[in-house]
Every structure is written in structure tokens, then in C-alpha cells.
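Data block below; observations after.
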Amino acid sequence: MIASCSLVKFSHTGALNFCGAESMQDRSPLSKEIFRNAMARLASAVTIITTDGENGRHGFTASAVCSVSDEPATLLVCVNRTASTHAHLVQNGLLAINILAHEQEELSTLFGSSRFDMQTRFASGSWRKGEIGMPVLEGALVSLECRISLTQEIGTHSVFFVEPLCAEFTQEEASGLVWFDRAYRRA
Ligand SMILES: Cc1cc2nc3c(=O)[nH]c(=O)nc-3n(C[C@H](O)[C@H](O)[C@H](O)COP(=O)(O)O)c2cc1C
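With our numbering applied, the sequence shown has no gaps in its numbers, which climb one by one up to 188 at the end.
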């Protein structure tokens with residue numbers, strides 16, 4: 002068993018050491034650095050979350066997207082409240098989850114950096130309105146248009162629970178784009 006504590010140290014072999022015996026109540030949460038290092042080991046699909054409404058199209062890259070339940074069909078999307086798209090998601094109440102194919106890595110870079118404005122982001126790739134009007138990416142593995150059903154604030158992020166209303170499978174054969182160990186991989 003490996004202890005989950007803030008005093009875990011990496012040896013030169015990469016093995017983990019245990020921390021001392023503290024009571025659960027006294028134990029502080031993992032430091033940001035150790036938490037981030039641990040999460041780098043959690044492979045995740047790469048998506049572009051988009052929305053459209055009164056203030057136009059917005060979108061950003063997200064890997065913190067997860068299936069929650071299939072009855073009713075529900076996913077969650079974790080969005081940093083500093084992301085420029087955040088306010089538009091709250092306002093519109095609708096979004097699309099575009100699950101990227103391996104060859105769409107460049108789009109992930111564009112939508113994942115504040116150096117690029119929305120016009121530049123959406124100028125790349127082929128975008129069209131989906132069935133409920135959300136921006137859907139041509140060539141994504143799947144695009145799910147969703148309604149936000151519940152929002153929970155945790156730390157720096159909002160967790161949006163969303164119900165998918167439409168699914169478009171545009172690339173059934175392609176490989177997926179995965180974020181693992183701080184790099185893009187093929188899945
Ligand atoms: C591979 C990858 C995964 C990301 N996952 C998330 C995520 O799940 N949630 C989030 O809020 N930001 C995530 N980001 C960061 C945002 O995409 C990035 O901060 C983006 O610039 C935010 O949009 P803005 O510049 O319009 O504010 C991720 C970035 C990359 C490159």
C-alpha cells in the first residue's frame with residue numbers, strides 16, 4: 002500500500018517513501034506539486050468544450066471531462082473560473098464536448114492557450130452549428146451537445162454536470178488524442 006500524504010518523497014529510483022504516522026484529522030492535503038505530479042499519471046482524453054449564444058462562440062481545451070452516469074446520461078466538465086469561456090457557459094447553459102482525434106493536436110494547442118483569441122481559435126478546423134446550435138468540430142471522434150444540469154464550485158474550478166442531448170460520431174475509425182505525462186499520445 003502506498004500512503005497518500007503530503008510527505009511522500011521520490012527517491013532516485015522513482016520509488017515512493019511513506020510519511021510518518023499522523024492521525025487522519027491532522028494530516029494536511031497533498032501539496033499542489035505532488036498532486037500535479039500524481040495527476041500527470043492519469044491519462045485523459047482531450048476535448049474542446051464550446052458554447053454559443055448572445056456573445057458569440059467560445060471554446061477551450063479540456064481534459065477534465067468524465068462520464069458520470071448512463072441513467073440519466075450525465076458527464077462532468079471541470080472548468081477553471083478564470084477561463085474566458087466560463088462566464089459564457091454559465092450564461093448559455095449549453096455546451097458541446099468535442100472529443101479530439103489524434104490528428105487534431107494542433108487544435109488542442111490553439112484552444113488551450115490564452116495567446117490565441119476566439120477568432121483565431123475558430124479559424125482553424127471546420128466548425129458548424131450542431132443540432133442545438135453549439136459549435137461542433139468536423140473530424141472530432143464524437144461531438145456531444147449538452148445542457149448544463151448542475152454546477153458545483155470546488156476550489157479554483159466549477160464542475161458542470163451536463164446531460165448530452167445529441168451525439169454525432171464523425172470519425173469512428175480514427176485514433177484518439179490523449180494527454181498523459183504532460184504530453185500528447187495516441188490512443
Ligand atoms: C491538454 C490540456 C488540457 C486542459 N484541460 C483543462 C480542463 O480540464 N479545464 C480547464 O479549465 N482548463 C484546461 N486546460 C487549460 C485551458 O485550455 C487554457 O487555460 C485555456 O487557455 C483557457 O481558455 P482562455 O485562454 O480562453 O481563458 C487544458 C489545457 C490543455 C493544453
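Glycine included, each C-beta is placed from N, C-alpha and C at the ideal position.
These figures come from a predicted structure and were not determined experimentally.
The stretch 138–152 makes contact with the stretch 168–183; the number of CB pairs closer than 8 Å reaches 3 or more.
Closer than 7 Å to some heavy atom of ligand 1: that describes the Cβ of Asn81. Leaving aside the five residues that flank Arg183 on each side, the residues in its chain whose CB is nearer than 8 Å to its CB run, in chain order, Ala41. Between ligand 1 and the CB of Gly57, the shortest heavy atom gap is not smaller than 7 Å. Straight across, the Cα-Cα distance linking Ser115 with Ser24 is about 42 Å. Taken through DSSP and simplified to helix, strand or coil, Thr152 comes out as strand. For Thr83, the three-state secondary structure derived from DSSP is coil. By the beta-carbon neighbour count (other beta carbons within 10 angstroms, threshold 16), Asn93 is buried.
Between Asp53 and Pro136, the C-beta gap is smaller than 8 Å, which places the two residues in contact.
Secondary structure in the stretch 87–114: the beta strand (DSSP E) runs of 3 residues or longer, each lying completely within the stretch, are 95–100 in chain order. Cys67 and Val78 have their C-alpha atoms some 7 Å from each other. For Ile49, the closest alpha carbon among the candidates Ile100, Arg129, Leu90 is that of Ile100.
Taking the C-beta atoms as reference points, Arg187 is found nearer than 8 Å to His103.
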